[in-house]
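Residue numbers (UniProt numbering): 1 to 489.
C-beta: ideal position from N, C-alpha, C; glycine also.
Presented below is the structure to which this report refers.
Encoded structure:
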């Protein structure tokens, strides 16, 4: 009887993939930006033809969200990201200041190990492949088990397109035998340069232990604050459009609404008018019971499900046109599911006396899961907006826009990204909307503009120190700084 050890096969495959990627990246590192751009353009051109088919496939394989919305995400990456990448310089001389005689040279990190979430498997995979190749890096994916067939098909299409116009073989690859052991081998291999983890928290500790730089696009628990000066109709529309999109699986989507007490009644009526269903205390308790498993972990069977499914699963019913389920809450606590991230169209609703109390509630919600992902404020008061931007422990603050679309750069001018850094809470090396510029290091070049003798002559030494063999270091430093500052004026 033959016994196949998938862990050993996966580990062996991982080693081969990294070694091949290392050799491929050496060739890729010699490519000028124009050649990398040609490869990226061909990848986009080809994958765009399959974006609807892949959206349907991912929806069927994962049973998360809506294929129509996944198709929108796939198209967004193909179009918006393509346009933003077009004129970016990532490798070679990327900046030059002739007056200061300095130059920046972009250098690829090397071999990137990538993890993608099962909630947005196609759009995240396309995005990571494009920004890696654009910046001259090789990239190896460890597919999510729940979406491995979809991710594999997506990468196969990208590989065929890219290698057809000169991408070195092995520069874009993925684990075929998926196991935790294989993923660990990828991360710990000495030739892996950087780990890019989007929405796979179970692999995060191992990523840190590998000693490699980690970019983490983590979970979110973002509140949306509707302040008294807000355009209430627009704010409500934004929140519903955002949280109902793909049935709430996007990490940056709103998880709670915090509202000024003086407009709470008007906001509630507007929400109901636009398809929100405010649950009774009993219904909210029944629904909360379905959120978590016995061990306290998230019940994956409620991820990306419709409000009707969620209600029926909990033992009550809602109208067919319901877009969101809302539970009125007072307190934030770790054992309250409504205080946590909800990967489905469910929101908590908090009423606060004024913007200062709302500010504190938002901080409580953001710190409850320690990720500090995204926050939205709907307001016309620029001072309140500024205070929120200054005080919140969060990676991005969005103003008067839907969180899902604003965070990824669709309704804002943030970089179009499917990996939104959670660095503000210490997870990962950046809180950026991750771009190719996060996948390079910048080599600084500085031309000599002053002679050493010239600097030393500026030292104003007192007469009694003139014959001293040693010049006082503090005075020397002060005079050097003075000279440099004068030159820069």
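Three or more beta-carbon pairs under 8 Å between the region 139–150 and the region 60–67, yes or no? The region 139–150 vs the region 60–67: in contact.
How many whole angstroms separate the CB atoms of residue 274 and residue 236, which I take to be in contact at a CB cut-off of 8 Å? Right, their Cβ atoms sit about 6 Å apart.
Which residue from 220, 218 and 329 puts its Cα closest to that of residue 278? Looking from the CA of residue 278, the closest CA among 220, 218 and 329 belongs to 329.
Classify residue 32 as buried or exposed, calling it buried when 16 or more other Cβ atoms lie within 10 Å of its own Cβ. Label assigned to residue 32: exposed.
Buried or exposed for residue 362, please, with buried defined as at least 16 other CB atoms from any protein chain shown within 10 angstroms of its CB. The residue in question, residue 362, is buried, as its Cβ has 16 or more Cβ neighbours within 10 Å.
Quick check on DSSP: helix, strand or coil for residue 248? Collapsing the DSSP output to three states places residue 248 in a helix.
In angstroms, rounded to a whole number, what distance separates the CA positions of residue 30 and residue 140? Residue 30 and residue 140 have their alpha carbons spaced roughly 20 Å apart.
Can at least three beta-carbon pairs, one atom from the region 282–302 and one from the region 331–340, be found at a separation below 8 Å? Contact holds: three or more Cβ-Cβ distances are below 8 Å.
Look up residue 384 in the DSSP assignment and say whether it is helix, strand or coil. Helix, per DSSP.
Return the chain-ordered list of same chain residues with a C-beta closer than 8 Å to the C-beta of residue 21, the five sequence neighbours on each side being excluded. If we look at residue 21 and ignore the five residues flanking it on each side, its Cβ neighbours are 111, 138, 139, 140, 170, 171, 173 and 191.
Return the CA-CA distance between residue 214 and residue 263, expressed in angstroms with no decimal places. Rounded to whole angstroms, the gap between the alpha carbons of residue 214 and residue 263 is 43 Å.
Please go through the same chain and pick out, in chain order, the residues whose beta-carbon is closer than 6 Å to the beta-carbon of residue 82, but skip the five residues on each side of it. So the qualifying residues of the chain are 44.
Going by alpha carbons, who is nearest to residue 202 out of 226, 442, 183 and 212? The residue with the shortest Cα to Cα distance from residue 202 is 183.
Going by Cα to Cα distance, which pick from 57, 223 and 238 is closest to residue 410? Comparing Cα positions, the closest option is 238.
For residue 292, write down the residues that DSSP places opposite it in a beta bridge. According to DSSP, residue 292 bridges with 298.
Considering only DSSP beta bridges, list what residue 433 is partnered with. In the DSSP assignment, residue 433 forms a beta bridge with 420.
Would you say residue 269 and residue 222 are within 8 Å of each other, going by their C-beta atoms? It is not a contact, given that the beta carbons lie outside the stated cut-off.
Taking the straight line between their C-alpha atoms, what separation do you get for residue 467 and residue 453? At residue 467, the pLDDT of 49 sits below 50, so the modelled position is not reliable; the number obtained from the coordinates is stated separately. Cα to Cα, residue 467 sits roughly 18 Å from residue 453.
Assuming residue 276 contacts residue 342 under a Cβ cut-off of 8 Å, what Cβ separation, rounded to an integer in Å, is found between them? So it is not a contact: roughly 14 Å between Cβ atoms.
For residue 442 and residue 105, the rounded distance between their alpha carbons: Using only the alpha carbons, I get a separation of about 6 Å.
Roughly how many angstroms separate the alpha carbons of residue 332 and residue 414, rounded to a whole number? Approximately 30 Å between the Cα atoms of the pair.
Per the DSSP calculation, residue 260 is bridged to which residue(s)? 352.
Beta-bridge pairing of residue 223 - partner residues as DSSP gives them: Paired residues: 256.
contact_flag[the region 373–382, the region 391–403] where n(CB pairs < 8 Å) is 3 or more: Because the criterion of three Cβ pairs below 8 Å is met, the region 373–382 and the region 391–403 touch.
Roughly how many angstroms lie between the CA atoms of residue 175 and residue 142, to the nearest whole one? Rounded to the nearest whole angstrom, the CA to CA distance from residue 175 to residue 142 is 5 Å.
Do you know how far the Cα of residue 305 is from the Cα of residue 132? So the two alpha carbons sit approximately 32 Å from each other.
Taking its Cβ as the centre, do 16 or more other Cβ atoms sit within 10 Å of residue 494, making it buried, or is it exposed? Residue 494 cannot be examined here, being either before or after the span of the chain that is shown, 1 to 489.
Under 8 Å between C-beta atoms of residue 247 and residue 395: With respect to the 8 Å criterion, residue 247 and residue 395 are not classified as neighbours on the basis of their beta carbons.
Under the rule that 16 or more other beta-carbon atoms within 10 Å means buried, what is residue 73, buried or exposed? Classification for residue 73: buried.
According to DSSP, simplified to helix, strand and coil, what is residue 313? Annotated three-state conformation of residue 313 is helix, per DSSP.
Determine the DSSP secondary structure at residue 91, reduced to helix, strand or coil. It is coil, neither helix nor strand.
Once DSSP output is grouped into helix, strand and coil, what is the label at residue 286? Taken through DSSP and simplified to helix, strand or coil, residue 286 comes out as helix.
6 Å CB neighbourhood of residue 135 in its chain, flanking five on each side removed: These residues qualify, in order along the chain: 90, 108, 436, 439 and 440.
Pull up the CB-CB distance for residue 116 and residue 128, whole angstroms please, since I reckon it's below 8 Å. Between residue 128 and residue 116 the Cβ distance is about 7 Å, and since that is below 8 Å, they are a contact.
Are the CB atoms of residue 80 and residue 52 within a distance shorter than 8 Å? Cβ atoms of residue 52 and residue 80: not closer than 8 Å.
Taking the Cβ atom as the reference point for each residue, do residue 418 and residue 123 lie within a distance shorter than 8 Å? Yes; because the gap between Cβ atoms is below 8 Å, this pair is in contact.
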